[in-house]
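Protein chains: 2
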Amino acid sequence: MTLQPLIDHLGSYIPLKQTETQFLEEKVTERRLKRKQHILQEGFPCRHYTFVVSGCLRMFVIDVQGIEHNILFAAENDWITDISSFHSGKPSRFFIEAVEPSVVLQIEPYDLYALYTHSYKFDKIFKVIAENKCVALQNRVLQMISLTAKERYLAFLEEYHHLSVRLPNVHIASYLGITPEFLSKIRKETAY
Amino acid sequence: MTLQPLIDHLGSYIPLKQTETQFLEEKVTERRLKRKQHILQEGFPCRHYTFVVSGCLRMFVIDVQGIEHNILFAAENDWITDISSFHSGKPSRFFIEAVEPSVVLQIEPYDLYALYTHSYKFDKIFKVIAENKCVALQNRVLQMISLTAKERYLAFLEEYHHLSVRLPNVHIASYLGITPEFLSKIRKETAY
DNA sequence: AAATAGACTTAAACTAGTTTAAGAAAGGGG
DNA sequence: CCCCTTTCTTAAACTAGTTTAAGTCTATTT
Numbered sequence: 001m002t003l004q005p006l007i008d009h010l011g012s013y014i015p016l017k018q019t020e021t022q023f024l025e026e027k028v029t030e031r032r033l034k035r036k037q038h039i040l041q042e043g044f045p046c047r048h049y050t051f052v053v054s055g056c057l058r059m060f061v062i063d064v065q066g067i068e069h070n071i072l073f074a075a076e077n078d079w080i081t082d083i084s085s086f087h088s089g090k091p092s093r094f095f096i097e098a099v100e101p102s103v104v105l106q107i108e109p110y111d112l113y114a115l116y117t118h119s120y121k122f123d124k125i126f127k128v129i130a131e132n133k134c135v136a137l138q139n140r141v142l143q144m145i146s147l148t149a150k151e152r153y154l155a156f157l158e159e160y161h162h163l164s165v166r167l168p169n170v171h172i173a174s175y176l177g178i179t180p181e182f183l184s185k186i187r188k189e190t191a192y
Numbered sequence: 001m002t003l004q005p006l007i008d009h010l011g012s013y014i015p016l017k018q019t020e021t022q023f024l025e026e027k028v029t030e031r032r033l034k035r036k037q038h039i040l041q042e043g044f045p046c047r048h049y050t051f052v053v054s055g056c057l058r059m060f061v062i063d064v065q066g067i068e069h070n071i072l073f074a075a076e077n078d079w080i081t082d083i084s085s086f087h088s089g090k091p092s093r094f095f096i097e098a099v100e101p102s103v104v105l106q107i108e109p110y111d112l113y114a115l116y117t118h119s120y121k122f123d124k125i126f127k128v129i130a131e132n133k134c135v136a137l138q139n140r141v142l143q144m145i146s147l148t149a150k151e152r153y154l155a156f157l158e159e160y161h162h163l164s165v166r167l168p169n170v171h172i173a174s175y176l177g178i179t180p181e182f183l184s185k186i187r188k189e190t191a192y
């Protein structure tokens, strides 16, 4: 199992002792995903806190008209989950799907709680992870409210340049909240 | 000092022992705010995690054209802060201001860290608080991407009915990402 | 090499939401 | 009680972004 990236990631918040990484190893499951493979479907509870080792996943909803809307992407060293459903056990409104062939590490609710019980270091780390996610989401809300589609696209290019060359156009447009057609227009204007 | 609402709030996550509430009391400062009084201004570091006892605050940015955009509101028993600036000490991009005369309880970074050191219960509680904030923000992103202005307004009415009657129209419009004029139009159509 | 399908672009007609401007209502302070 | 400021509404002209529909460009399968 390729656990090292996760150990490095968590250790970057607070270094882990060997007993802690050992305990972690017991609780984590590796999973290899094909392109377009789902790890969460609407109507089902979200049973995993998922860490991306390699590849890229997206979280999206399908609205009443059947249109997909990408909420967020998670690439290397990022987390993806429906926290609400994960903790409550209630059916999720979201889908999570691999955009590229990906390798992920997953933790189930009771295993995560066991980690929390084993060492409060994990509480501290996941507190900071949640806070960082808040900051990212807050910025996103800010951009959605205050920027035009073109400005949002340019901000996306700067912030997620590595992703912008890996993701199909449709997914970027959906993330920006515009149509692929309009994204095309913007690209032509900005000449990129 | 009116500490009880905060004790109740934190205790609803994990009940606090008397030593913990005592420790909390030492670290928390009460502050009474007039309408339109700022507790955070752009360019200054955010020095407080702020808990709202009564009244209502808003967090907003002013964009390049000088237009205000409300990111979020916090009323009774809610938290408001620029987490990023709070932890990093860097200048914030946000303003936080009282919309109504308000009473708040504030904690400064080192006092919060002292709480974390005193009892890891506080880590656990603030982890959940951050996670809940993530859920709320994620829903907001979802609404901004997938709903029309009218649908967003109706969703806002349902979710924040208590606030919708307390907040001036301008602030609601800014929160929804539309002009007050257009909000007026929507209101006329929905006959509410 | 042809066939099929997925990803991206173009353009014209359209619509949701903005802008500008003006007037009506509604506080709140002296 | 009236003035003054702030809040809300209406309407017309405008623009950013959508819709629809067709066409190009790859890549993959046969």
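Chains as they are written, first to last, in the working numbering: chain A, 1 to 192; chain B, 1 to 192.
Even for Gly, the Cβ is constructed at its ideal location relative to N, Cα and C.
All values reported here derive from a predicted model rather than from experimental measurement.
Requested in this report: Assuming GLU42/B and ARG93/B form a contact by the criterion Cβ under 8 Å, report the distance between their Cβ atoms to the nearest whole angstrom.
Outcome: Right, the Cβ-Cβ distance comes to about 6 Å (below 8 Å), so this counts as a contact.
Query raised in the report: Given a limit of 7 Å on CB to CB distance, which residues of the stretch 55–69 of chain B reach chain A?
Result: For the stretch 55–69 of chain B, residues whose beta-carbon sits nearer than 7 Å to a beta-carbon of chain A comprise VAL61, ASP63, HIS69.
Requested in this report: Identify each residue in the stretch 91–106 of chain B for which the Cβ-Cβ distance to at least one residue of chain A is less than 7 Å, and report them in chain order.
Outcome: Listed by position, the residues of the stretch 91–106 of chain B near chain A (Cβ gap below 7 Å) amount to none.
Report task. May I have the straight-line CA-CA distance separating SER184/A from SER164/B, to the nearest angstrom? Result -> A direct Cα-Cα distance of roughly 38 Å separates SER184/A from SER164/B.
Query raised in the report: Can you give the beta carbon distance from LEU49/A to THR81/A, rounded, assuming they're within the 8 Å contact cut?
Result: Note that residue 49/A is Tyr in the sequence shown here, rather than Leu. Indeed they touch by this definition, with Cβ atoms about 5 Å apart.
**Report entry** Best match in HIS162/B, THR148/B, LEU176/B, ILE129/B for proximity to HIS207/A [C-alpha to C-alpha]
**Finding:** The structure shown does not extend to residue 207/A, since chain A is modelled only from 1 to 192, so the question has no answer here.
Query raised in the report: Looking at chain B, which residues of the stretch 130–163 of chain A have a Cβ within less than 7 Å of any of its Cβ atoms?
Result: Within the stretch 130–163 of chain A, the residues whose Cβ lies closer than 7 Å to some Cβ of chain B are ALA130, GLU131, LYS133, CYS134, VAL135, LEU137, GLN138, ARG140, VAL141, LEU142, MET144, ILE145, SER146, listed in chain order.
Query raised in the report: Which whole-angstrom value describes the C-beta separation of GLY55/A and SER102/A, a residue pair presumed to lie in contact below a C-beta threshold of 8 Å?
Result: With a Cβ gap of about 3 Å, GLY55/A and SER102/A count as contacting.
Query - THR50/B - containing beta strand (DSSP E), residue span - result: Its beta strand (DSSP E) spans residues 49–54.
Query raised in the report: In or out: ASN70/B buried (at least 16 other Cβ within 10 Å) or exposed?
Result: Under this definition ASN70/B is a buried residue.
Query raised in the report: Where DSSP assigns a beta bridge to VAL104/A, which residues make up the other side?
Result: DSSP lists ARG31/A, VAL52/A as partners of VAL104/A.
Query raised in the report: For the putative contact between LYS27/A and ASP78/A, defined by C-beta atoms under 8 Å, what is the C-beta separation to the nearest angstrom?
Result: About 19 Å separates the two Cβ atoms, so there is no contact after all.
Report task. Consult DSSP for TYR192/A and reduce its assignment to one of helix, strand or coil. Result -> Note that TYR192/A scores a pLDDT of 47, beneath 50, so its modelled location is shaky and nothing firm can be said.
**Report entry** Any C-beta of chain B under 8 Å from that of TYR49/A
**Finding:** Not one chain B Cβ lies under 8 Å of TYR49/A.
**Report entry** Listed by chain order, chain A residues near PHE126/B by CB distance under 8 Å
**Finding:** Chain A residues near PHE126/B: LYS127.
Query - Identity of the residues DSSP links to ARG68/B by a beta bridge - result: It is worth fixing the name first, because residue 68/B is Glu in this sequence and not Arg. Bridge partners of GLU68/B according to DSSP: ILE62/B.
Query raised in the report: Taking DSSP as the reference, what is the three-state secondary structure of ALA98/A?
Result: Reduced to three states, the DSSP call for ALA98/A is strand.
Report task. Could you say if the stretch 141–157 of chain B and the stretch 140–150 of chain A meet the contact criterion of at least three C-beta pairs nearer than 8 Å? Result -> A contact between stretches requires three or more CB pairs, one per stretch, nearer than 8 Å, and the stretch 141–157 of chain B meets this requirement with the stretch 140–150 of chain A.
Query - Contacts around PRO180/A, its chain only, beta-carbon distance under 7 Å, and the 5 residues preceding and following it disregarded - result: Cβ within range, chain order: ASN169, VAL170, ALA173.
Query raised in the report: For LEU57/B, which residues does DSSP report across the bridge?
Result: DSSP output for LEU57/B lists ALA74/B, ALA98/B as bridge partner(s).
Requested in this report: Excluding the 5 residues preceding and the 5 following ILE62/B in the sequence, name in chain order all residues of the same chain whose CB lies nearer than 6 Å to its CB.
Outcome: Residues of the same chain with a CB within less than 6 Å of the CB of ILE62/B, apart from the 5 flanking positions on each side, are GLU68 in chain order.
Query raised in the report: Name the DSSP beta bridge partners of ILE80/A, please?
Result: BP columns for ILE80/A point to THR50/A.
Query - For LEU10/B, the three-state DSSP class (helix, strand or coil) - result: Taken through DSSP and simplified to helix, strand or coil, LEU10/B comes out as helix.
Query raised in the report: Under a CB-based cut-off of 8 Å, is ILE83/A close to chain B?
Result: True, the Cβ-Cβ gap to chain B drops below 8 Å.
Query raised in the report: Thinking just about the alpha-carbon of each residue, which of PHE51/A, LEU40/A, PHE44/A is nearest to the one in THR29/A?
Result: Of PHE51/A, LEU40/A, PHE44/A, the residue nearest in Cα terms is PHE51/A.
**Report entry** PHE23/B versus GLN65/A - alpha carbon distance
**Finding:** Near 53 Å, if we compare the C-alpha coordinates of GLN65/A and PHE23/B.
Report task. Could you tell me which of HIS162/B, ARG32/B, LEU157/B sits nearest to ILE196/B, measuring between CA atoms? Result -> The structure shown has nothing for residue 196/B, since chain B only spans 1 to 192.
Query raised in the report: Alpha carbon to alpha carbon, what distance is there between LEU57/A and TYR192/A?
Result: Any answer about TYR192/A is weak, because its pLDDT of 47 lies below 50 and its placement is not dependable; what the coordinates show is given next. A straight line joining the alpha-carbon of TYR192/A with that of LEU57/A spans about 24 Å.
Query raised in the report: In chain order, which alpha helix (DSSP H) runs of at least 4 residues are fully inside the stretch 139–166 of chain A?
Result: List check, alpha helix (DSSP H) in window: 149–159, 161–164.
Query raised in the report: If we ignore side chains and look at the alpha-carbon of each, how far apart do ALA114/B and ARG166/A end up?
Result: So the two alpha carbons sit approximately 44 Å from each other.
Query raised in the report: To which residues of the same chain is TYR175/B closer than 6 Å at the C-beta, ignoring the five residues directly before and after it?
Result: Here the set comprises ASN70.
**Report entry** Whole-Å CB distance - ILE39/B paired with LYS124/B, under 8 Å assumed
**Finding:** That belief does not hold up - the Cβ atoms of ILE39/B and LYS124/B are roughly 27 Å apart, past 8 Å.
Query - Backbone secondary structure at PRO168/A - three-state DSSP - result: DSSP places PRO168/A in coil when its eight states are reduced to three.
Query raised in the report: Going along chain A in order, which residues have a C-beta closer than 7 Å to the C-beta of TYR120/B?
Result: Residues of chain A passing the Cβ test: TYR120, ASP123.
Report task. Assign GLU97/A to buried or exposed, taking buried as 16 or more other Cβ atoms, counted over all protein chains shown, within 10 Å of its Cβ. Result -> In the assembly as shown, GLU97/A is a buried residue. Its beta-carbon has 16 or more other beta-carbons within 10 Å.
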